[in-house]
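S.K.: Please see the structure below; I have some questions.
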Amino acid sequence: MSSYSSSTTGRRRLVTKTDAEEKALDKISREAEARMRVKRETREQARQHRYSLLEKRVEVRAASVMLQGIPCQVVLVVFQEEAEVYRQDAAVSGLVNDKVVELEDRFQQAMFLYSQLDNEKSALLYEEVKLLKRTIEAMTATQNYLKAEIAQRDHLIHVSLSCLVSQSVEGARQLQLCSFSMIRTL
Numbered sequence: 001m002s003s004y005s006s007s008t009t010g011r012r013r014l015v016t017k018t019d020a021e022e023k024a025l026d027k028i029s030r031e032a033e034a035r036m037r038v039k040r041e042t043r044e045q046a047r048q049h050r051y052s053l054l055e056k057r058v059e060v061r062a063a064s065v066m067l068q069g070i071p072c073q074v075v076l077v078v079f080q081e082e083a084e085v086y087r088q089d090a091a092v093s094g095l096v097n098d099k100v101v102e103l104e105d106r107f108q109q110a111m112f113l114y115s116q117l118d119n120e121k122s123a124l125l126y127e128e129v130k131l132l133k134r135t136i137e138a139m140t141a142t143q144n145y146l147k148a149e150i151a152q153r154d155h156l157i158h159v160s161l162s163c164l165v166s167q168s169v170e171g172a173r174q175l176q177l178c179s180f181s182m183i184r185t186l
């Protein structure tokens with residue numbers, strides 16, 4: 001996760017695990033950047049168009065004022081002030097638009113990072129479930145093995161006890177026979 005890849009516009013994104021995912025994210029990023037570039041160009045063209053319309057309006061007013069006999073210098077100062085106010089408004093709206101674009105970029109980056117974190121979280125949960133499943137399987141195998149060992153031990157104990165019981169029964173008979181034979185001899 002520490003390596004970075006660079007897209008065509010100089011933005012840096014974290015390299016993801018799969019090539020298909022990487023290609024899809026690159027495509028989405030390029031498309032989003034292209035849309036943003038088109039929006040910026042459109043705004044700039046609209047700004048230029050409004051400015052040219054303002055200049056034409058100023059020229060028309062100047063021509064009409066000149067026909068009315070107002071000194072041209074007074075009209076020129078008023079129109080220059082109007083043009084300066086318009087330029088300042090355009091600059092402010094341009095700054096606001098730039099801030100909006102910057103915030104949109106940050107939002108997209110945050111969403112991308114959030115999706116990466118969510119993917120990593122899902123992968124970790126999957127690995128944890130896999131590990132727990134393996135642990136349960138190992139414990140089940142151990143339990144089955146121990147059950148078999150206990151059953152075998154119980155069987156051996158049962159066989160040994162039956163041998164001991166039968167031997168003790170036979171031993172008791174032999175003792176009885178021995179004592180019976182001793183009594184006869186007396």
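Residue 66 in full-length UniProt numbering is what sits at position 66 of the sequence shown, and the numbering runs on without skipping anything.
C-beta atoms are modelled at their ideal positions from N, C-alpha and C, and glycine is treated no differently.
#1: Just verifying my parser: in three-state terms, what is the DSSP assignment at Thr42?
#2: From Ala34, Ala90 and Val38, pick the residue whose C-alpha is nearest to that of Leu54; which is it?
#3: Nearest-angstrom Cα distance between Ile150 and Asp118?
#4: Quick check on Leu25: buried or exposed, where buried means 16 or more other Cβ atoms within 10 Å of its Cβ?
#5: Just checking Val159 against the ligand ATP - is the residue's beta carbon closer than 7 Å to any of the ligand's heavy atoms?
#6: Looking at C-alpha atoms only, which residue of Arg35, Lys23 and Ser93 is the closest neighbour of Glu104?
#7: Please report how far the alpha carbon of His49 lies from the alpha carbon of Ala110, in whole angstroms.
#8: Is the beta carbon of Val101 sitting closer than 8 Å to the one on Arg37?
#9: Between the C-alpha atoms of Lys99 and Arg106, what's the straight-line distance to the nearest angstrom?
#10: Quick one, which of Glu120, Phe112 and Arg43 has its alpha-carbon nearest Val96's?
#11: Just to confirm, are Gln116 and Ala32 a CB contact at a threshold of 8 Å?
#12: Excluding the 5 residues preceding and the 5 following Ser122 in the sequence, name in chain order all residues of the same chain whose CB lies nearer than 6 Å to its CB.
M.R.: Taking the definition as stated:
#1: If DSSP states are grouped into helix, strand and coil, Thr42 belongs with the helices.
#2: The shortest C-alpha separation from Leu54 is found at Ala90.
#3: Cα to Cα, the separation comes out at about 47 Å.
#4: buried
#5: The model depicted lacks the ligand ATP and carries no ligand whatsoever.
#6: Arg35
#7: 35 Å
#8: No, the Cβ-Cβ distance between Val101 and Arg37 is not below 8 Å.
#9: One C-alpha to the other measures close to 10 Å.
#10: Of the listed residues, the one whose Cα sits closest to Val96 is Arg43.
#11: no
#12: none
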